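Participant: Starting off with a structure, shown below.
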Amino acid sequence: MKLKTGLIAALASTFLATATWAEEVRIMWYSDGNEGEVMQDLLNRFMADNPDITVVLDNVAYQTIKEQLPITLAAGDGPDIARVTDIKALADHWLDLTPYISDPEYWKTNFGAQMDWMRPDGSDAITGFMTQLTLVGGFANKTLFDQAGVALPGEGATWDDWVNASAEVQQSQGLAAAIAIDRSGHRISGPITSYGGNYIGADGMPAPVDDGVKAFVTKLVEWTNEGKNLKDVWVSAAGGTYRAAADDFINGQVAFYYSGSWQIANLSTKIGDAFDWVATGSPCGTTACSGLAGGAALVGIKYTKHPEAVGKVMDYLSSEAVVREFTERTLFLPAHAGIVAAGGLNFQTEDPNVKAALEKFVAASGQTSPAADALPAWKWASAYYTALVNRTSQAMAGELTLDEAFARMDQDIAEQVKQAAQ
Amino acid sequence: MTASPKPSIGAVLTAPIVWLARAADMPLRAWQRLTGRGGMIAFFLIPNMAVFGIFVIVPLVINFFYSVTGGTALFLSDRPFVGAEHFDRLLTCTDHFNPTTCREDMFWTAVWNTSKFVVLQVSAMTVVAMITALILNSKIPGKAFWRAVFFFPVLLSPVVVGLIWKWILQRQGLLNFALYELDMTQVNWLTERSWAFAATIGVSVWAHVGFYALILLAGLQAIPGDLYEAAEMDGTKPGRVFWRITLPLLYPNLLVVIVLSLIRAVQVFDEVFVLTSGGPGTATLYLTQYIYEVGFASVLRNPGLASAAALMMGGVLVVLTLLQLGLTRWRDRK
């Protein structure tokens, strides 16, 4: 009898203990640089102050966010919060945080400029905030340019100027290629708009590839065939697979690397004092010198079982002090309007290349073209990017002529639109 | 009074099993009385058939329903019926031998790449496995060691295989470093179409040849030694011994090797995906990667189209399996 009573008491205490366990909030997170470590540190402080909530930071590869998270979401499952870049296309899966955050007005005031990027068209939901604003732009290996005796092209330099100057460095220094561009439709869309390209039709649906698209893609394919653009990055994969060329720049294999502001911390950490590098902004085309804004957003997932806890975590992470610290430690460009207005960010780095690079990207953010500015909040942008990457790579590999590639881009996008309409 | 003997450790360890067997004995006897021998067969087959049903038959049926429904939704209830539209999209071509004339050009590129890969890889695999087995069956020192060496890659994860070879073959990889040290021209192994295609075949053979060599080695060791002794006494040349004795008697094992490697080659994916990701361009885009890209990796996933392609690939595999069964039965009848 005593044994039975003891067992019941043990079970009851276990149950009670379970009932008082902290609510668990899982964040699916990827990192380009040190932001995972910084976020974990910030979350540890949150958990110390909020013992009723346990936040688990699941660090995953970017590929997992790109390929596996959408499928999990489509199945009505997923983490409670996620750091994502495909913000608009998956907006139907984001949680409207409005009822769960303490001060929606604070969110609208400070993150309002990008809210349309991360909610369905016509919605006024608050689904999350940008952990960083990014801008596509270039980096040059200054040491290699100096060693080659080639001057860095200045303000207003065109893509041709940069490629030709880099090709001189390539010849002089025996580099694998003059330039490298990430294998990504997002990356080449800023330059495409600089040549007058526009993806969005009058009805808001994808427009056929125009002369601007053709002009830059033609150049890109020619540079690749001439050995000026690093072939490995674009040609060494099929489909829409993402490939960064950062390692080739870090290893001194190219003189000019076109990627974006999120690489700053990565370059600073891995290059160290091996060589001097500078951010260059975006080279000019015929109509603009545009990069493409974007970034990573932290969004709540609507399938969460703990929306109140998610709201509390998001309130903490979006607070001005936390965003400021996160920005200063990760060397990202902030999306918080209050912080941008107040200025005085004390980026935590001793690398002299970093501050100059950040200033360059801030300056370049004022040069983006209207066509580029429209893309982050456009639903079909990702479909367009995929078709661009896929078919441009085939043209580079000699499998398609440029005309065939352009025709296939239109066909691919049309198939995607048709499928989505079903 | 004598003390009862202590139970052995074995008896203690097997006691729960014995207890379970005794407990199951009575209901099983009752079941046998009720249903006869057939009922007992069914009883023992049910667990296996349940696993097969849940993990093979049910997904196959779901796959079929995906292939006749459209849209991007994952739940079948949210997907509209589109009939044979996906099959039509896959099969619409002006010239099936020229993928650029096909509506779904990537599919046909993958089909032809896979076909080329299957023919070349299976041929290479069979020859290399045969040579390896003959060497391992001969009188060489350290025979057991060499058998382990050739079998070792089979134990590696395909991802590990892909990564190892990527480190060797990439532009700044070990092979190019060696060529540089030898003052020889470096080659872009993974960005030149023909080299990349050859690399996928070579790596695939390297990774799996140990398994097939083992099958052939078993066959070689089953050939009676007195046949070779008789041939030796007759002064038969080694080449003739191979063609007239070894090869005919190894035929059953060779058949198994060819059919198994054929089925595996059609399904090639993981190590190639890690090594080349289907590039350069689409030079090493094989059917399984096409299905993966369409169904999972693209921005607007198309599970219907991917399922239709998977069903067509499954059809090819069924034909190959039936071929294996047919040949095995024909051989048994001989």
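Taken in sequence, the protein lines are chains A and B.
Going by our numbering, the first sequence opens with residue 213, and the numbers climb by one from there.
Going by our numbering, the second sequence opens with residue 50, and the numbers climb by one from there.
Using N, Cα and C, we set each Cβ at its ideal position, and we do this for glycine too.
None of the values given here were measured: they were computed from a predicted structure.
(1) Report the three-state DSSP secondary structure of B/Q270 (helix, strand or coil).
(2) Rounded to the nearest angstrom, what separates B/A256 and B/F124 at their Cα positions?
(3) Who are the Cβ neighbours of A/D527 in its own chain at under 6 Å, not counting the five residues just before and after it?
(4) What residues of chain A sit near B/F345, judged by a beta carbon separation below 7 Å?
(5) Use the C-beta contact count for B/S206: other C-beta atoms within 10 angstroms, 16 or more gives buried, fewer gives exposed.
(6) Tell me the DSSP bridge mates of A/Y469?
(7) With DSSP collapsed to three states, give me the class of B/F166.
(8) Give the single residue among A/E235, A/M259, A/L254, A/T284 whose Cα lies nearest to the Cα of A/Y515.
(9) Can you give, in chain order, each stretch of the beta strand (DSSP E) that sits fully within the region 377-461 of chain A and has at least 3 residues?
(10) Is B/V131 close to chain A? Criterion is C-beta to C-beta, closer than 9 Å.
(11) Here's the rule I'm using: 16 or more other beta-carbon atoms within 10 Å means buried, otherwise exposed. How should B/A64 be labelled?
(12) When the distance is taken between beta carbons, is A/I393 closer than 9 Å to A/V429?
(13) Measuring CB to CB, does B/T333 end up less than 9 Å from A/A450?
(14) Between A/S494 and A/G402, which are expected to be in contact by the criterion C-beta below 8 Å, what is the C-beta distance as a whole number of angstroms?
(15) So, with DSSP's three-state summary, where would you put B/A279?
(16) So who's on the other strand from B/M179, going by DSSP bridges?
(17) Rank A/P282, A/I239, A/G550, A/D261 by C-alpha distance to the C-alpha of A/V267 and give the top, closest one.
(18) Using a beta-carbon distance cut-off of less than 8 Å, what residues from the region 312-333 of chain B approach chain A?
(19) Between the alpha carbons of A/L307 and B/F156, how many angstroms are there, rounded?
(20) First and last residue of the beta strand (DSSP E) that includes A/D270?
(21) Based on the DSSP output, what are the partners of A/A619 in its beta bridges?
(22) What residues from chain A crowd round B/E230, counting only those whose CB sits closer than 9 Å?
(23) Using only CA atoms, which one of A/F538, A/A575, A/A549, A/H548 lies nearest to A/F559?
(24) What is the residue span of the alpha helix (DSSP H) that B/A197 lies within?
(25) Can you tell me whether DSSP reads A/F199 as helix, strand or coil?
(26) Under 7 Å Cβ-Cβ, which residues of chain B neighbour A/G408?
(27) With which residues is B/W214 paired in a DSSP beta bridge?
(28) Once you ignore the five residues that flank B/P190 on each side, which residues in its own chain have a CB closer than 8 Å to its CB?
(29) Using a cut-off of 7 Å between C-beta atoms, extract the partners of B/L349 located in chain A.
(30) Look up B/M233 in the DSSP assignment and give the residues it is bridged to.
(31) What residue range is occupied by the uninterrupted beta strand (DSSP E) comprising A/G506?
(32) Grouping DSSP H, G and I as helix and E and B as strand, with all else coil, what is A/W241?
(33) Give me the Cα-Cα distance between A/S502 and A/S581, rounded to the nearest whole angstrom.
(34) So for A/I654, helix, strand or coil by DSSP?
(35) Could you tell me which of A/T453, A/T343, A/D615, A/L432 sits nearest to A/T276, measuring between CA atoms?
(36) Against chain A, with Cβ distances strictly below 9 Å, would B/D154 count as a contact?
Facilitator: This is what the structure gives:
(1) helix
(2) 38 Å
(3) I313, S314
(4) E279, I283
(5) exposed
(6) A/F351, A/A392
(7) helix
(8) A/T284
(9) 391-393
(10) yes
(11) exposed
(12) no
(13) yes
(14) 6 Å
(15) helix
(16) Note: B/M179 sits in no beta bridge, so no partner.
(17) A/I239
(18) T325, S326, G327, G328, P329, G330, T331, A332, T333
(19) 37 Å
(20) 265-271
(21) A/A619 pairs with nothing; no bridge assigned.
(22) Chain A residues near B/E230: none, gap ~17 Å exceeds 9 Å.
(23) A/F538
(24) 192-204
(25) Missing from the structure shown is residue 199 of chain A; chain A here goes from 213 to 634 and no further.
(26) In chain order: nothing, as chain B lies at least about 25 Å away.
(27) Per DSSP, none; premise fails for B/W214.
(28) none
(29) A595, Q628, Q631, A632
(30) Answer is none; B/M233 lacks a bridge partner.
(31) 505-512
(32) strand
(33) 6 Å
(34) Since the first residue shown for chain A is 213 and the last is 634, residue 654 of chain A is missing from the structure and cannot be characterised.
(35) A/T453
(36) yes
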